[in-house]
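> So that you can map any letter, position 91 of the sequence shown is 163 in this note's numbering, and since no number is skipped, the others follow by simple counting.
Sending over a structure as structure tokens; questions will come in a sec.
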Amino acid sequence: MLDLETIKQHVRLEPDFDDDNFLLDTYSGAAKRHVEHYTDRKLYATTSEQGYLEDETALLLDDEITVAMLLLIGHWYENREAVVIGTITAQVPMAVEMLLWPHRRLGV
73 MLDLETIKQH VRLEPDFDDD NFLLDTYSGA AKRHVEHYTD RKLYATTSEQ
123 GYLEDETALL LDDEITVAML LLIGHWYENR EAVVIGTITA QVPMAVEMLL
173 WPHRRLGV
């Protein structure tokens, strides 16, 4: 959904470095599914994508969702294990949640 060039720029990789392309594509797919699960809506890249017009709860990729996905991908790329030892980290408070919250479909 996100192009590889944008993802590489975000994680500060040279465009011609191809060793991690499969990994970055995997993270991109996982980030898309995270957005869809969090918002309870199907994410579409464009309005011309099949199913978009018929989907009453369709979610169109915009800047907020792109940034949320890039934050997730960057986090997963830098932290490839469930536990990181020997480092001091700081989480940007609710960054992904704050970007995605307005797009959630909340039940009544």
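Even glycine gets a Cβ: it sits at the ideal position worked out from N, Cα and C.
Because the structure is a prediction, the values reported are computed rather than measured.
#1: Ile145 and Tyr99 look like a contact to me (Cβ under 8 angstroms); what is the Cβ gap, rounded to whole Å?
#2: Since Ala117 and Met73 are thought to touch, with beta carbons under 8 angstroms apart, how far apart are those beta carbons, to the nearest angstrom?
#3: In this structure, how does DSSP classify Tyr149 when only helix, strand and coil are distinguished?
#4: Tell me, please, which residues DSSP counts as bridged to Tyr116.
#5: In chain order, what residues of the same chain have a beta carbon less than 8 angstroms from the beta carbon of Thr129, not counting five sequence neighbours either side?
#6: Closer than 6 angstroms by C-beta to Trp148: which residues in its own chain qualify, once you throw out the five before and the five after it? Chain order, please.
#7: Using a Cβ-Cβ cutoff of less than 8 angstroms, which residues in the same chain neighbour Met170 once the five nearest sequence positions on both sides are dropped?
#8: Just mark Ala154 as buried or exposed, buried being the case when its beta carbon has 16 or more other beta carbons within 10 Å.
#9: Does DSSP classify Ala182 as helix, strand or coil?
Checking against the coordinates, here is how it stands:
#1: Position 73 of the sequence shown holds residue 145. Position 27 of the sequence shown holds residue 99. 4 angstroms between Cβ atoms; contact.
#2: Your numbering for residue 117 matches position 45 in the sequence shown. Your numbering for residue 73 matches position 1 in the sequence shown. Between the beta-carbon of Ala117 and that of Met73 there is about 5 angstroms, and that keeps the pair under the 8 angstroms contact cut.
#3: Position 77 of the sequence shown, counting from 1, holds the residue named residue 149. Note: Tyr149 maps to helix in three-state DSSP.
#4: The residue labelled residue 116 in the question sits at position 44 within the sequence shown. Partner(s): Leu132.
#5: Along the sequence shown, one-based indexing puts residue 129 at 57. Only Asp112, Arg113, Lys114 and Arg177 meet the Cβ criterion.
#6: Numbered from 1 along the sequence shown, position 76 holds the residue referred to as residue 148. For Trp148, where only same-chain residues beyond five positions count, the Cβ hits under 6 angstroms are Tyr99.
#7: On the sequence shown, position 98 is the one that residue 170 refers to. Excluding residues within five positions, none has a Cβ falling inside 8 angstroms.
#8: Translated into positions along the sequence shown, residue 154 becomes position 82. Exposed, because fewer than 16 other Cβ atoms sit within 10 Å of the Cβ of Ala154.
#9: For residue 182 there is no data in the structure shown, the boundaries of the chain being 73 and 180.
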